[in-house]
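If you count by this note's numbering, then the sequence shown holds residues 1 to 56, one letter each, in order.
C-beta atoms are modelled at their ideal positions from N, C-alpha and C, and glycine is treated no differently.
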Amino acid sequence: MAGEQRVRLNEIDAMEMGIRCPNCKTYTSFGDILATGQCRGVECTTGLELELVISE
Ligand SMILES: [Zn+2]
């Protein structure tokens, strides 16, 4: 993907259990992101992925 960007999630995101798409601002839940890999927005083709960083 050409325009890949990373966003660190914070406690507010955890409380809302989802994020707003940076392109269309549609709210997409973490469950939907994990299930579909993209934004729920109609006509929005933005891909969304969740990645867990484990440090020792
Ligand atoms: Zn979107």
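Taking 7 Å as the cut-off, is the C-beta of residue i nearer than that to any heavy atom in ligand 1?
| i | result |
| --- | --- |
| THR26 | yes |
| THR46 | yes |
| ASN10 | no |
| GLY37 | no |
| GLY41 | yes |
Would a C-beta distance cut-off of 8 Å place residue i and residue j closer than the cut-off?
| i | j | result |
| --- | --- | --- |
| GLU49 | GLY37 | yes |
| PHE30 | MET15 | no |
Since residue i is in the alpha helix (DSSP H), which residue starts that stretch and which ends it?
| i | result |
| --- | --- |
| THR36 | 30-36 |
| ILE12 | 11-16 |
Counting only beta-carbon atoms, is residue i nearer than 8 Å to chain D?
| i | result |
| --- | --- |
| GLU4 | The structure shown contains no chain D, having only a single protein chain. |
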